[in-house]
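Taking the working numbering, the leading residue of the sequence shown gets 1344, the next gets one more, and so forth.
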Amino acid sequence: MKGTCGVLKTTQHSRTGALFAGVPFLRLKQAMKPLYIKRIVLLGDSVAYGYGTQGGLATYLKQTFPDSEVTNFGINGLTSDGLVERLQLHRWDEAIREADLVILNIGGNDLLRAFKTGGPQQLIRQFGQLKRNYRKNLLEIYRYIRDTSSNAMIVQNNLYNSMKKEVQYFGFTNLLITIWNTAIGEKDIIVARLNAMGKNRSIWLDSIHPNEDGYKIMNDLLKTTLADRGYSVHSGDH
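Written out as structure tokens, the structure reads:
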């Protein structure tokens, strides 16, 4: 892939792996396969945009990938319907085509709009249809990015529950978000699980958006996700 900022993927020696495949808990020495990130594109809503902060996730991505260029197309209030519509305008094609990494944060406003319109009862009634529509939109978004940039790594953040436990609808919201997140993902789509963010009360700007510390944790969870997939993120020295 293009670029100068290093991310390394672990691979096993096939013969050694076959020899010790049946041995539990054995740590095998691994070779490192470099993958380079030069251009990053952020797509999605106000969380992608970095609402209320100096740059949101983009700031910390620049620290993680210091030789990269980060393009942020996040839009406050954007729904998954809106993201599909924006992509179909083709104004972002050049940036997506050149991207090595595309990060998605979308879907929260799909739920939030229904809740604001009719409260929890309407949200429950519409939830199944909302989730089906969200899934349809995600598949279209994934397809569009893949068709535009076949080499880009795609990472989507799942939804977190930023509500305080003492709030009346905490348990209800937690359940809905857990079910909602099952719509996320597809073959070759990496899902960054941000659930842990909801457990930290000091990282919120308001009831929805992370503050600067929150975006730092989001970036750390992204690095953890890549590590879980066998990638080791380095500062760019190689």
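Just so you know, even glycine gets a beta-carbon here, dropped at the ideal spot from N, CA and C.
Please read all numbers here as calculations on a predicted model, not as lab measurements.
Of the residues assessed, L1432 falls on the exposed side of the cut-off, its CB having fewer than 16 other CB atoms within 10 angstroms. If you look at S1505, you'll find it isn't in any alpha helix (DSSP H); DSSP assigns it neither H nor E.
With a contact defined as Cβ atoms closer than 8 Å, Y1485 and A1526 miss out at about 12 Å. Contact check for N1500 against I1520 fails: the beta carbons are separated by 8 Å or more. With a cutoff of 8 Å on beta-carbon distance, I1522 and N1543 are scored as not near each other. Between I1449 and S1423, the C-beta gap is smaller than 8 Å, which places the two residues in contact. Look at Q1499 here: in three-state DSSP terms it is strand.
Beta-bridge partners assigned by DSSP to R1382: E1412. With respect to the 8 Å criterion, A1535 and L1564 are classified as neighbours on the basis of their beta carbons. Beta-bridge pairing by DSSP links L1444 to I1383 and M1496.
Taking a C-beta distance under 8 Å as the contact criterion, I1446 and V1498 qualify as a contact pair. Shown here for F1515: same chain residues with a beta carbon closer than 8 Å to its own, the five before and five after excluded, namely P1463 in chain order. Annotation: D1571 to Y1379 spans about 18 Å, alpha carbon to alpha carbon. Per the DSSP secondary-structure output, I1533 pairs in a beta bridge with V1498. Contact between G1417 and Y1392 holds: CB atoms are separated by about 3 Å, below the 8 Å threshold. CA-CA distance, G1420 to R1382, rounds to 25 Å.
Residue range S1389 to Y1392 is occupied by the alpha helix (DSSP H) that includes S1389. Burial check for K1474: the Cβ neighbour count within 10 Å reaches 16 or more, so the residue is buried. Counting along the chain, S1575 sits inside the beta strand (DSSP E) bounded by residues Y1574 to V1576.
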